[in-house]
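Working notes, beginning with the structure itself.
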Amino acid sequence: MADTGLANTRSANSGPTYSGPVNSGPANAERAQARSARDQLFDVRLVVNGIVHTVIVPARRLLSDCLRHDLRLTGTHVGCEHGVCGACTVLVDGVATRSCLMLTVSADNAEITTVEGLTEPDGTLSPVQQAFTDCHGLQCGFCTPGFLTTITAALAENPEPSHDEAREIIGGNLCRCTGYQNIVKAVLRAAELKRRRSS
Amino acid sequence: MKPSSFGYSRPESVAEAVQVLASIGPDGKVLAGGQSLVPLLNMRLAAPTHLVDINRLSELAFISVADGQVTVGATARHADVLRDPVAATAQPLLRKALTLVAHPVIRNRGTTVGSIVHADPSGEMTAVLALLGGSVRLASTSGQRCVPAEEFFLGPLESDVRPDELATEASFPVLPPSAGCAFAEVSRRQGDYAICGVAALIELDTEGIVTRARAAYLSVSGTPLVLDLTAACGDVGGDLIEADFAEAGRLAMSQVRPTDDIHATASYRRHLVGVLTERALHEAHQQARERAGG
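Going line by line, the protein sequences match chains A and B.
According to the working numbering, the stretch in the first sequence is residues 1 to 199, in order.
According to the working numbering, the stretch in the second sequence is residues 1 to 294, in order.
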């Protein structure tokens, strides 16, 4: 999967790359860099996939970059960085949200679910993840994290979507491989699996 | 594709927010849902020196219906307004337009007041506010003022909000009993910016005769364009089958001055104005008749 590439290249162009330890505060290098850019730093508490993290970030740190660089949770993918592609979608307090359009500071004290947090504690794939494998809903996989989170939130709200509603659910996510037909099938299959597991 | 540096405040009350705005000067900016502002920051098309994050102002997260107005607070999300059953009954145009605002995930975070203040010429909610003759309430350290829609939109992406002001709420008049409304737009894909969009409002008298027909247009002018099409609806009688809004469509086409861009030519946009005007007026008329009990 294309975990490296775009996001890292871009952050190298516009600022530091973050080599601090996982699940802890910032590296000294980051502090120095931030000071030199006269960026004020903020303590931000995030509960990501049930684990409490405290990060110290400048106000301009996007939530997508905080997840990937500060917390090393690279399952959240960064495609367009202006809210069009949907690859960076995460759940913020249960609500599907573009993490590239949210500042980390704005998410202070929020509960965030990324694609890493969708799997059951015993490692079983979630209904949406299982449906994607069943229906061949992915090819290169770059867009998949955003689809999985978006569909997970949508099914919590509407457990029995129609075919048209399934299309509407994924309308804000771009996929350049599949042609979407199998993703629409996966939405309906996920709803079916979810009902079966809860009964 | 990363924002440049900015200062950041996250006030807990409107009083605190307007004090911060007064202290930071003209290069400050209010951050609400951020679904328009953050892309501009990421692309560095905007580089404010200070952001005032109003997302913790829970006092503005309301949607209320009172005194003939649906009032939406500045931190109410599009999705909240869309789901609100009381607001949808009082002014059905809100829900009709909101389903066309971007995608569900964007509506989860984006705010209705924020998109009105953003004043995008392609914005659905700006057209709704203009058509209904709504208003926006602004607060600053020197008090409050209420700006009617016809004075609020100054130009593309420019609204009458001074640097030290916070837009706290937008009010939309409720739909009168014998009136109907509709929203029609054409975009390349569902959720994209509309190539052309029309919001329509029709009022009927007790005989079922059209007494008022207005339409507001997006993506064909710099600010929401509102046209009074009543004169072209004079022949529309009480019989729905004979209702014909072709004349109104032609009148609207003669009144708009769209321009070419990469998405569509001016002549195609004008064509859409005619087609969508007819379509929206038809649907609005149908709803007006149903509501009037006819």
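Cβ atoms here follow ideal geometry from the backbone N, Cα and C, with glycine treated the same way.
Exercise. Report the residue from A:Pro-121, A:Thr-97 and A:Asp-93 whose alpha carbon sits nearest the alpha carbon of Asn-109 (chain A).
Key: A:Asp-93
Practice problem: Evaluate Val-52 (chain A) with the Cβ neighbour count: other Cβ atoms within 10 Å of its Cβ, from every protein chain shown; 16 or more gives buried, anything less gives exposed. | Solution: exposed
Quiz prompt | Beta-carbon separation (whole angstroms), Leu-218 (chain B) vs Ala-182 (chain B), contact threshold 8 Å | solution = Their Cβ separation, rounded to whole angstroms, is 14 Å, which puts Leu-218 (chain B) and Ala-182 (chain B) out of contact at 8 Å.
Quiz item: Taking the alpha carbon of Val-72 (chain B) as the point to measure from, which residue in B:Gly-234, B:Pro-104, B:Thr-111 and B:Pro-177 has its own alpha carbon closest?
Solution: B:Thr-111
Exercise. Return no unless some Cβ of chain E is closer than 9 Å to the Cβ of Pro-39 (chain B).
Key: Among the protein chains of the structure shown, namely A and B, there is no chain E.
Quiz item: Is the distance from the Cβ of Phe-153 (chain B) to the Cβ of Thr-259 (chain B) below 9 Å?
Solution: no
Practice problem: Taking Ala-96 (chain A) as the query, report the chain B residues whose CB atoms sit under 7 Å from its CB, ordered along the chain. | Solution: Val-105 and Asn-108
Quiz item: Is the CB of Ala-102 (chain B) under 9 Å away from at least one CB in chain A?
Solution: yes
Exercise. Quick one: residues in its chain with C-beta nearer than 6 Å to the C-beta of Ser-115 (chain B), no 5 flanking neighbours on either side, listed in chain order?
Key: Gly-123 and Met-125
Exercise. Look up Val-30 (chain B) in the DSSP assignment and give the residues it is bridged to.
Key: B:Val-52
Quiz item: Which whole-angstrom value is the C-beta distance of Leu-132 (chain B) and Leu-157 (chain B), which I expect to be below 8 Å?
Solution: So it is not a contact: roughly 22 Å between Cβ atoms.
Quiz prompt | Nonlocal neighbours in the same chain, by C-beta distance under 6 Å from Met-1 (chain B), ignoring five residues either side | solution = Asn-42
Self-check item: Pick from A:Thr-76, A:Val-105 and A:Glu-160 that is closest to Ile-169 (chain A), judged by C-alpha positions
Solution: A:Glu-160
Quiz item: Using the beta-carbon of each residue, which ones in chain A are nearer than 9 Å to Met-253 (chain B)?
Solution: Chain A residues near Met-253 (chain B): none, gap ~30 Å exceeds 9 Å.
Practice problem: Report the three-state DSSP secondary structure of Glu-151 (chain B) (helix, strand or coil). | Solution: helix
Practice problem: Within the same chain, show all residues whose beta-carbon is closer than 8 Å to that of Leu-83 (chain A), passing over the 5 residues directly before and after it, in chain order. | Solution: Correcting the residue type first, residue 83 (chain A) is Gly in the shown sequence and not Leu. Excluding sequence neighbours, Gly-83 (chain A) sits near Arg-98, Cys-100 and Leu-101.
Exercise. Could you tell me whether the Cβ atoms of Pro-3 (chain B) and Leu-62 (chain A) are closer together than 9 Å?
Key: yes
Practice problem: Quick one: residues in its chain with C-beta nearer than 6 Å to the C-beta of Gly-274 (chain B), no 5 flanking neighbours on either side, listed in chain order? | Solution: Gly-249 and Met-253
Quiz item: Tell me which same chain residues have a C-beta within less than 6 Å of the C-beta of Thr-144 (chain A), skipping the five on either side of it?
Solution: Leu-138
Self-check item: Start-to-end residues for the beta strand (DSSP E) that takes in Gln-69 (chain B)
Solution: 69-73
Self-check item: Interface partners of Pro-58 (chain A) on chain B, CB under 8 Å
Solution: Ser-5
Quiz item: Around the C-beta of Leu-138 (chain B), are 16 or more other C-beta atoms found within 10 angstroms, so that it is buried, or is it exposed?
Solution: buried
Quiz item: Counting Cβ pairs closer than 8 Å, one from the segment 95-102 of chain B and one from the segment 53-61 of chain B, do we hit at least three?
Solution: no
Quiz item: Using the C-alpha atoms, what's the distance from Ala-90 (chain B) back to Ala-292 (chain B)?
Solution: 15 Å
Exercise. Could you spell out the range, first to last residue, of the alpha helix (DSSP H) harbouring Tyr-268 (chain B)?
Key: 266-291
Quiz item: Just curious, the beta strand (DSSP E) that Ala-248 (chain B) is in, first and last residue?
Solution: Segment 246-255 is the alpha helix (DSSP H) holding Ala-248 (chain B); no beta strand (DSSP E) there.
Quiz item: Alpha carbon to alpha carbon, what distance is there between Val-14 (chain B) and Arg-189 (chain B)?
Solution: 38 Å
Exercise. Assuming Thr-149 (chain A) and Leu-91 (chain A) form a contact by the criterion Cβ under 8 Å, report the distance between their Cβ atoms to the nearest whole angstrom.
Key: 6 Å
Quiz item: For the 8 Å Cβ check, are there 3 or more pairs between the segment 157-171 of chain B and the segment 262-280 of chain B?
Solution: no
Exercise. Output, in chain order, the set of chain B residues within a Cβ distance shorter than 8 Å of Val-105 (chain A).
Key: Tyr-8, Arg-10 and Asp-53
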